[in-house]
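Mapping of the sequence shown onto mature numbering (1 follows the signal peptide of the UniProt record, and there is no 0): residues -19 to -1, 1 to 517, in sequence order. Cβ atoms here follow ideal geometry from the backbone N, Cα and C, with glycine treated the same way. Step one of this worksheet: look at the structure below.
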Amino acid sequence: MRKLLYTAISLALVSIAQACASSVSEEREDLSESVAYDIVILNGRVVDPESGLDAIRNVGITGDQISVVTDESIQGSYTVDARGKVVAPGFIDYHAHGQSILSGRTQAFDGVTTALELEAGMLPISDYYDRLAKEGRPINYGASVSWASARIAEKTGAKPVADFSFFQNSLKENSWQEELADDQELAGIISRVEEGLDQGGLGIGFLLGYAPATGRKEYNFVNRVAAEHGVSTYTHARYLSTIEPQSSFEGFEEMIAVSAATGAHMHICHLNSISLRDIDDIVDLIDGAIAQGVNITVEAYPYGAGATSIGAALFRGPRWQQRLGGVKKTDFVSVKGPLDEEAFDELQADAPGTPVIVHFMNPEANPADQAVIDTSVLYPGGLIASDGGDWLAPTGKPYDGNTWPVPPEALNHPRSAGTFSRFLRQYVRERQAISLIDAVAKMSYLPAKYMEPSVPAMARKGRIQAGADADVVVFDLATVSDKATYLDPAHLSEGFEYVFVAGTPLIAEGKLDTNVLPGRPVRRPIKGESVGVAQN
């Protein structure tokens, strides 16, 4: 009888245990399904270059961060069906002269969630960040310290203004472009640059090609400052020419030598346009330097034409047209249309800051020119960067405030609207010259990785991982395409269906939300602050 009782009790306990286990399992399953993220992106092809992930996954976002990347079912308050679409980290543009709200919105349709002004930079840095924070921006923003502005201030006495127009307007002053700095001026330049770094600037921007008479010592000494502060330099090469001496090749040799001698990380801007048709020899030079441990990186954009101010030093001096490979004055286009020789000369003399597009190359008609672009944009470890600018009215003035959509008469280089979509369309989808994950790395992960040592915030960008910033794009690889052209640039790229900036839907179902400005500053820690509160 007692044995039967024990047996009955044992069976009852087993039954209770099984019931409890079943209940716990059901509770866990219910809990998993009931965890509601703010945003869920379901069934997309998630591409994360750092981990190598390229697979169908679900992404959960809470607040401004990615909370989970999983193949399990998840739920959220805001659901995106990404079936058949690519889910990638938002693109990071190192070379964005266009820092306006209009430029940011336009770039968002090109997949850009962070636009940085690194080549030219800004000064004063604190003024730049304060102004953009007050006005708000649709995408993340940041800037290096402008060496050019510091040099202009020391050589001319002008007070720097934290806007690209300060540089453009200063092109009418020859002293900062054509004269050496004396000891006192050099000390002032270095002091201004260091002050900008103390205020959180993202490195040092060097428009060296616009002041080619700058002393070699000055360039070396300011790079030493970069090395001492552990930041990168972003350089426009001193020379742009296919003819020696003072050739593009020589310009690259200088940048490599200074990086090697000072230890500063040297990021070289627009490999495609600054190399001209010496690209193969210059790439060999870069390869050799990297093999020797020199810390250099490069960027490029997939267009044959460049854009700058008509008064730039490279468009002046003996044999400048021959030095640029035989470019003609009629190859230039201003806000008023194509230029003839007389109009070119008048603009250069009277309004040297006038933006112009110049057709250095014709890749559509010349396979050799296309090869230059291909080599540049496909360079291993190289970045894609737009070198885009602000949108201009026919008067030549930038549009103000919340202008939207882009006015049909607006003027710009098409790279300001289509660089990243063009790269995806041409090189990934149509030509299959690079894998999707490697292309995404060039546009997101690698820019973040290169800046990480000096900018802690970048460790959270360029990734689709738990804990990363929720800067995420969802696009259709089958349809993504640039639509802006040289003759008609005011067209948005197509194919980016969702763009999230800091967890906020900026673009949803292909439509912009003009009521949100979720962009945040990307900034180094400010000297004297225990926490880099201004960092993204």
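Select from V28, Y110, V68 the residue whose C-alpha is nearest the C-alpha of R505. In the sequence shown, counting from the first residue as 1, residue 505 sits at position 524. Looking at the Cα atoms, Y110 is the closest of the given residues.
Taking the alpha carbon of G363 as the point to measure from, which residue in Y220, H248, V409, D144 has its own alpha carbon closest? In the sequence shown, the residue the question calls residue 363 occupies position 382. Per the Cα distances, H248.
How should A17 be labelled, buried or exposed, when 16 other C-beta atoms within 10 angstroms of its C-beta is the threshold for buried? In the sequence shown, the residue the question calls residue 17 occupies position 36. With fewer than 16 other Cβ atoms within 10 Å, it is exposed.
How long is the line joining the alpha carbons of L296 and F325, rounded to whole angstroms? Position 315 of the sequence shown, counting from 1, holds the residue named residue 296. Position 344 of the sequence shown, counting from 1, holds the residue named residue 325. Strictly speaking, residue 296 in this sequence is Phe, with Leu absent from that position. When rounded, the distance between both Cα atoms is 10 Å.
Beta bridge counterpart(s) of Q46 as assigned by DSSP: For the purposes of this step, residue 46 is identified with residue 65 of the sequence shown, where counting begins at 1. Note: Q46 sits in a beta bridge opposite T43, D450.
Just reading off the alpha helix (DSSP H) that Y360 is part of, what are its end residues? Start at 1 with the first residue of the sequence shown, and residue 360 comes out as number 379. No alpha helix (DSSP H) contains Y360, which DSSP labels as neither H nor E.
Indicate whether the contact test is met: 3 or more Cβ pairs, each with one atom in the region 47 to 60 and one in the region 72 to 82, closer than 8 Å. no
Output the distance between the C-alpha atoms of P190 and L252, rounded to the nearest integer angstrom. Here residue 190 refers to the residue found at position 209 when the sequence shown is read from its first residue. Here residue 252 refers to the residue found at position 271 when the sequence shown is read from its first residue. Here the sequence assigns Gly to residue 190, which means Pro is not the residue at that position. Whole-angstrom Cα-Cα distance: 13 Å.
Neighbourhood of E490 by C-beta distance below 7 Å, restricted to the same chain and skipping five residues each side: Working through the sequence shown from its first residue, we reach residue 490 at position 509. Within the same chain, E490 has close Cβ partners E478.
Looking at the unbroken alpha helix (DSSP H) that takes in H210, where does it start and where does it end? Within the sequence shown, residue 210 is the residue found at index 229, counting from 1. Its alpha helix (DSSP H) spans residues 197 to 210.
Cβ pair I185, I237 closer than 9 Å: Position 204 of the sequence shown, counted from the first residue, corresponds to residue 185. Position 256 of the sequence shown, counted from the first residue, corresponds to residue 237. Cβ atoms of I185 and I237: not closer than 9 Å.
Counted within 10 angstroms of its Cβ, other Cβ atoms place L161 as buried (16 or more) or exposed: One-based indexing of the sequence shown puts residue 161 at position 180. It is exposed - the Cβ of L161 has fewer than 16 other Cβ atoms within 10 Å.
Is Q273 buried or exposed, if buried means 16 or more other CB atoms sit within 10 Å of its CB? For the purposes of this step, residue 273 is identified with residue 292 of the sequence shown, where counting begins at 1. Exposed: under 16 other Cβ atoms inside 10 Å.
Grab me the residues of T460's own chain with a C-beta within less than 8 Å of its C-beta, minus the 5 sequence neighbours each way, in chain order. On the sequence shown, position 479 is the one that residue 460 refers to. Only E475, G476 meet the Cβ criterion.
Looking only at C-alpha atoms, which of I106, G123, Q351, G41 sits nearest to A438? Locating residue 438 in the sequence shown gives position 457, where the first residue counts as 1. The candidate whose alpha carbon is nearest that of A438 is G123.
Buried or exposed for R112, going by 16 or more other Cβ atoms inside 10 Å? Translated into positions along the sequence shown, residue 112 becomes position 131. R112 comes out exposed.
Per-residue DSSP class, three states only, for E327: As a position in the sequence shown, residue 327 is number 346, starting the count at 1. Looking at E327 - three-state DSSP - the assignment turns out to be helix.
Quick check on the DSSP output: what are the complete beta strand (DSSP E) runs of length 3 or more inside the region 222 to 266, in order along the chain? 246 to 249
Rounded straight-line distance, which links the Cα of R205 to that of K464: Here residue 464 is taken as the residue at index 483 of the sequence shown, counted from 1. Here residue 205 is taken as the residue at index 224 of the sequence shown, counted from 1. For K464 and R205, the distance between alpha carbons rounds to 43 Å.
Answer with buried or exposed for G298, where buried requires no fewer than 16 other C-beta atoms within 10 angstroms of its C-beta. The count along the sequence shown starts at 1 and reaches residue 298 at position 317. That one is exposed.
Suppose only complete runs of 3+ residues qualify. What are the beta strand (DSSP E) ranges in the region 344 to 430, listed by chain order? none
Is G190 helix, strand or coil by DSSP? Working through the sequence shown from its first residue, we reach residue 190 at position 209. G190 falls in the helix class under three-state DSSP.
Spell out a yes or no on whether the region 170 to 186 and the region 202 to 218 are touching, meaning 3 or more CB-CB pairs, one atom from each, closer than 8 Å. yes
L257 and V353: beta carbons closer than 9 Å? As a first step, residue 257 must be located in the sequence shown, where it is residue number 276. As a first step, residue 353 must be located in the sequence shown, where it is residue number 372. Contact: yes.
Can you find the residues in the same chain that come closer than 6 Å, C-beta to C-beta, to K66, ignoring five residues on each side of it along the sequence? Position 85 of the sequence shown holds residue 66. G25, V455, D457.
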